[in-house]
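Each remark here refers to the structure printed beneath this line.
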Amino acid sequence: MFKLEHIVSKFIQGCCVLCLYVFTIAGATYAFAVAGLYCAYLKPQLWPVIALYLAWMFIDQNRSKHGGRKFGIDYTGDLFAFRYARDYYPISLVKTAELDPCRNYIFGYHPHGFIPEGLVISFGTNALGFQNKFPGITPHIGGHSMILWSPIFRELAMWVRVVDVGSDSCRYVLTQMGPGHSIAIVPGGAAEALDTGSKEYILTLNRRRQFIKMALETGSPLVPVFGFGQNDSFHIPANLEYLKSYKTGCTKLEKWLKILFRNTLITFCGKSIVIPGLPHNKPITVVVGSPIQVEKVYNPSDEQIKQLHAEYVKGLTRLFEENRKKYNISEDTKLIIQ
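Our numbering applies: residue 6 is where the sequence shown begins, and numbers increase by one.
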């Protein structure tokens, strides 16, 4: 009986994780929009519904730039699907320092992974008890504006506290929403996603300084966060390495096509051949580091930005080195910041 319950539980966990990946990929590729138009083509009676939804999107277009959804997110964050997704890997959240609930923080999550499920489950839901570990801190997740224009998916994203990662949106969260409201971003972005499955932890960070400038302008402490095991969900065959060449000499269109193509292929390099989109269920431990205090500067100079960036990299590296043995990261695995 116990074995049967275990099998059923694992099956449900896998289904929940698969849904998370399918919804994310469908949203990023605007598949919901294509499906909606196709359904309307088959059934013209659906056009009024689509027109109403598009009108709603137009009216609601600035919601993601003004703190996102403000009602119902606690309910959606408690949904059983997120708890099952948490248990699939499993994902855990580790606190290493106290955070002042009167401050507004900028959390930097590393690495991106194929999909940063460690970030979403930890900061976007209640599955790991973030607000119990950090009382008074209300996290928001910064997402690319592209996904927040994707029909249907934008609603799902905002229900897990996703807001536009643009500077105006982040500044609104940090300065207009009150004490404790904080923003969690993935500085490496899509470029870092291309290094998913590498034997090393390769972080795209050296040229990412906009969030450093934001921290100085708002006086928000920086908190490095590392997802140990985040890159282990998928492996990448060596013959896909050439797709990394998008980083130089490509137009924006070529860049996005290569990212889409490569990430689509990554989904076939997961745990199962029968269900190719299912990632390896290897533990992901999200470790929240100590805050780096920042003095507010209205017009920071390049030197001040460079200095704080170096301090952030140092804090992130220290967080990695101090915790690598606890979470079974071998000495051969290097942290490469590029």
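Don't be surprised by glycine CBs; every beta carbon is placed ideally from N, CA and C.
Tell me which residue opens and which closes the beta strand (DSSP E) that lysine 319 is part of.
Here lysine 319 belongs to no beta strand (DSSP E); instead the alpha helix (DSSP H) covers 307-328.
What does a CB cutoff of less than 8 Å around glutamate 308 pick up in its chain, not counting 5 residues either side in sequence?
none
Taking 8 Å as the limit between beta carbons, can you name the residues of its chain near glycine 320, skipping five residues before and five after?
Leu227, Pro229, Gly294, Ser295, Ile297.
Per DSSP, which residues does valine 54 bridge with? Please list them.
None; valine 54 has no bridge partner.
Going by the CB atoms, is the gap between phenylalanine 28 and phenylalanine 119 shorter than 8 Å?
no
Rounded to whole angstroms, what's the CA-CA distance from arginine 267 to aspartate 92? Just pull it up for me.
In this prediction, arginine 267 scores a pLDDT of 48, lower than 50, which makes its location untrustworthy; the coordinate-derived value is nonetheless stated afterwards. Approximately 27 Å between the Cα atoms of the pair.
Using the C-alpha atoms, what's the distance from arginine 213 back to serine 187?
19 Å
Starting from the Cα of histidine 149, find the closest Cα among Val170, Phe139, Asn137, Tyr332 and give me that residue.
Val170
If you follow the beta strand (DSSP E) that leucine 221 is part of, which residue opens it and which one closes it?
Careful: leucine 221 lies outside any beta strand (DSSP E), inside the alpha helix (DSSP H) at 215-223.
C-alpha gap between leucine 313 and glutamine 66, whole angstroms:
34 Å
DSSP has threonine 143 in a bridge; who is on the other side?
Bridge partners of threonine 143: His186.
DSSP three-state call for aspartate 237: helix, strand or coil?
Look at aspartate 237 here: in three-state DSSP terms it is helix.
Considering just the uninterrupted stretch of the alpha helix (DSSP H) at serine 203, what are its terminal residues?
Counting along the chain, serine 203 falls outside any alpha helix (DSSP H), and DSSP gives it neither H nor E.
Reference arginine 88, options Ser155, Ser335, Tyr35, Ser14, closest by Cα
Ser14
Who pairs with phenylalanine 231 in a beta bridge, going by DSSP?
Within the DSSP bridge table, the entry for phenylalanine 231 names His115, Val292 as partners.
To the nearest angstrom, how far is the alpha carbon of threonine 269 from that of leucine 199?
Here threonine 269 scores only 48 on pLDDT, less than 50, and its place in the model should not be relied on; the value that follows carries that caveat. Their backbone Cα atoms lie some 11 Å apart in a straight line.
Starting from isoleucine 341, trace the alpha helix (DSSP H) in both directions and tell me its first and last residue.
It is not in any alpha helix (DSSP H) - isoleucine 341 instead sits in the beta strand (DSSP E) that spans 340-342.
Secondary structure at valine 99, three-state DSSP: helix, strand or coil?
strand
Going by CA-CA distance only, name the one from Ile342, Gln343, Glu326 that's closest to serine 335.
Glu326
Which residue from Lys287, Pro53, Ser127 puts its Cα closest to that of lysine 100?
For the options Lys287, Pro53, Ser127, the alpha carbon positioned closest to that of lysine 100 is the one of Ser127.
Using a 10 Å radius around the Cβ and a threshold of 16 neighbouring Cβ atoms, would you call glutamate 103 buried or exposed?
exposed
Report yes or no: do three or more beta-carbon pairs, one from the segment 131-146 and one from the segment 42-49, lie closer than 8 Å?
In this structure the segment 131-146 does not touch the segment 42-49; the number of beta carbon pairs closer than 8 Å is below three.
Going by DSSP in three states, valine 165 sits in which element: helix, strand or coil?
coil
Under a Cβ-count criterion, where at least 16 other Cβ atoms within 10 Å of its own Cβ denotes burial, should glutamate 122 be classed as buried or exposed?
buried
Could you tell me which residues DSSP puts in a beta bridge with glycine 148?
Asp169
Considering just the uninterrupted stretch of the alpha helix (DSSP H) at valine 125, what are its terminal residues?
122-128
Residues in its own chain within less than 6 Å of alanine 196 by CB, not counting five upstream and five downstream?
Thr209
Give the C-beta separation of glycine 185 and glycine 141 to the nearest angstrom, bearing in mind that I take them to be a contact with Cβ-Cβ under 8 Å.
Indeed they touch by this definition, with Cβ atoms about 5 Å apart.
Exposed or buried, which one is glycine 183 when buried takes at least 16 other CB atoms within 10 Å?
exposed
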